[in-house]
Amino acid sequence: MPLSKRLLHQDQIGRALSHSNPPSPKRFVKQGALTGRIRVPGDKSISHRSIMLGALAVGETRVTGLLEGEDVLATAAAMRAMGASVERGADATWRINGVGVGALLQPDAALEMGNSGTSTRLLMGLIASHPITAMFTGDASLSKRPMGRVIDPLSQIGASFEASSGGTLPLMLRGISPAVPITYRLPVASAQVKSAVLLAGLNTAGITTVIEPVPTRDHSERMLRGFGAKLDVGEENGERVIAIHGEAELQPQDIVVPGDPSSAAFFVVAALLVEGSDLVIENVGLNPTRAALFDVLRDMGGQIEELDRREVGGEPVADLRVRHSALIGVEVDPAVVPAMVDEFPVLFVAAALAEGTTTTTGLEELRVKESDRLAAMAAALKLAGARVEEQEDGLTIHGTGGTPLPGTPEGAEVTTHLDHRIAMAMAVAGIVSRDGVALDDTGPIATSFPTFERLLESASA
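For the sequence shown, the numbering used here gives the first residue as -7, with consecutive numbering after it.
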């Protein structure tokens, strides 16, 4: 079958899969104070990387606390398809028996990525320096997301690509070995692009270097070192320089995954906004490249206290005690965007109930996430009764000063655009509204936080 027809066929499969489950609409309504102690699922970024690197190590890697959402399961399925054993034990410990760097096998079928941009971009990096060919497919949302930012550097190492119009999925990747080591300066702040290049460097003789003008989350660097890769991190002319030495031999590890700060963010904001709340969220990862939201919320007057700060698996962790607080609007420094890029949807909800105006800029990256999160959140908050102005690179939100939002009108639903963070952010808006917020579909929440609704109910029981 010619590539164009194969791409069309795979596109039809991916889009069909994205609609294989009927929408699950729900109205989230005002509820009681959030109290007690809860624990959110494991960090998604660390979960992805633990499976990938475990699959490239020789021997058994054991992972506890792994996030068992659809995105991470897509990564597990892809690594199985390329020869690794990735299995969940009865004790909820995942055991990964790897094939070794350079020994990935040719997958028999397309790698179905579902809604996971992280799986797609990081796996493209892994495969690019292996002599195998892989077809990547995804759901309707993922199939709109740009892959050119990863294709560009990976093409420089010698990999070749045949992608759909606009550099999107479905796409065919033909890896190469030996690959060519490169020095690549990131044109945009993206941990996924950085990680893809570093992962390609694992099986590339010589030194592969990434220059990072703006620091992004550093889970890949921490974990690569933990698995035994030789990695040099320094600074030149105010820019971060990361160099990986190939061809690496990775050693299996025992990994404890801390709680995902992006998941904890929804409960932190909910507890700040719901009167009478006093909630402890246990075991939250506080990697400084990920935790800027909590600093911004403190600047807004939020009471967020760190308890029992410690280190777990090389990552800083603490329990967060969050109490209801009267928030004030702030101007968010665009320099913090890389350290909280996924948390802006729920920050917008906090801003909608703060006293005064909150302004955000430098958020162009939000337009190419699972959805255009600036447009989606502006429309959703307006539908719920908030005063929002949308700019090209951010939102300006005029808060209510603590007065509940009216909620969505009868018969109207927030369009979630198959985006889990839009759905969860507007669920939080619903519980602090007068009449509730109706969502067109809660199904996408399962990609990153399958227990979200149950945990929200238990915290306010």
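Backbone N, C-alpha and C define an ideal beta-carbon position, used for all residues, glycine too.
Beta strand (DSSP E) segment containing residue i, residue limits
i	result
Val78	77 to 80
Ile199	198 to 204
Ile124	Element bounds for Ile124: n/a, residue is neither H nor E.
Gln295	295 to 304
Ala417	From DSSP, Ala417 is part of no beta strand (DSSP E) but of the alpha helix (DSSP H) over 412 to 423.
Phe444	It is not in any beta strand (DSSP E) - Phe444 instead sits in the alpha helix (DSSP H) that spans 444 to 451.
Met105	Neither: Met105 is in no beta strand (DSSP E) and is coded neither H nor E.
His390	386 to 390
Gln383	379 to 383
Ile88	86 to 89
CB contact flag (residue i, residue j, <8 Å)
i	j	result
Arg177	Val142	no
Asn279	Pro244	no
Ala257	Ile423	no
Leu475	Gly75	In the structure displayed, the chain extends from -7 to 453; residue 475 sits before or after that span and is not available.
Ile88	Glu62	no
Leu134	Leu161	yes
Arg41	Gly251	no
Ala151	Leu194	no
Pro337	Met369	yes
Asp270	Thr67	no
Pro145	Ile174	yes
Met164	Met127	yes
Inter-residue Cα distance where the pair is residue i and residue j
i	j	result
Arg137	Ser111	13 Å
Arg313	Ile437	24 Å
Ala120	Gly428	47 Å
Val322	Thr350	5 Å
Leu285	Val55	27 Å
Phe259	Ala421	12 Å
Thr353	Val91	44 Å
Ile5	Gly24	Annotation note: pLDDT 36 at Ile5 (below 50); position unreliable, coordinate value reported separately. In a straight line, the C-alpha of Ile5 is about 43 Å away from that of Gly24.
Gly198	His237	6 Å
Asp287	Asp334	15 Å
Leu447	Ile203	40 Å
Thr439	Glu381	29 Å
Pro99	Ala73	5 Å
Arg290	Leu339	12 Å
Gly167	Ser254	33 Å
Asp224	Ala235	5 Å
Ile43	Gly377	42 Å
Ala342	Gly394	10 Å
Glu303	His316	28 Å
Val233	Glu227	6 Å
Run of the alpha helix (DSSP H) containing residue i, from where it starts to where it stops
i	result
Lys186	183 to 193
Arg137	Segment: none, Arg137 is in no alpha helix (DSSP H) and carries neither H nor E.
Glu402	Careful: Glu402 lies outside any alpha helix (DSSP H) and carries neither H nor E.
Ile119	109 to 120
Gly218	211 to 218
Whole-Å CB distance - residue i paired with residue j, under 8 Å assumed
i	j	result
Ser212	Ser187	4 Å
Ala221	Leu410	Ala221 to Leu410, Cβ: 35 Å. No contact.
Ile460	Glu347	In the structure displayed, the chain extends from -7 to 453; residue 460 sits before or after that span and is not available.
Leu45	Leu242	6 Å
Asn107	Glu362	6 Å
Leu59	Gly81	Going by Cβ atoms, the distance from Leu59 to Gly81 rounds to 16 Å, so no, they are not a contact pair.
Point to revise | Residue ranges of each alpha helix (DSSP H) within the segment 18 to 62, 4 or longer | key: Entirely contained in the segment 18 to 62, the alpha helix (DSSP H) runs reaching 4 residues are, in chain order, 36 to 48.
**Study point:** Length-filtered (3 minimum) beta strand (DSSP E) runs lying within the segment 235 to 276
**Key:** Entirely contained in the segment 235 to 276, the beta strand (DSSP E) runs reaching 3 residues are, in chain order, 246 to 248.
Review point. Hey, which unbroken runs of the alpha helix (DSSP H) at 4 residues or more fall wholly within the segment 287 to 366?
Key: At a cut-off of 4 residues, the continuous stretches assigned as alpha helix (DSSP H) that sit fully inside the segment 287 to 366 are 336 to 344.
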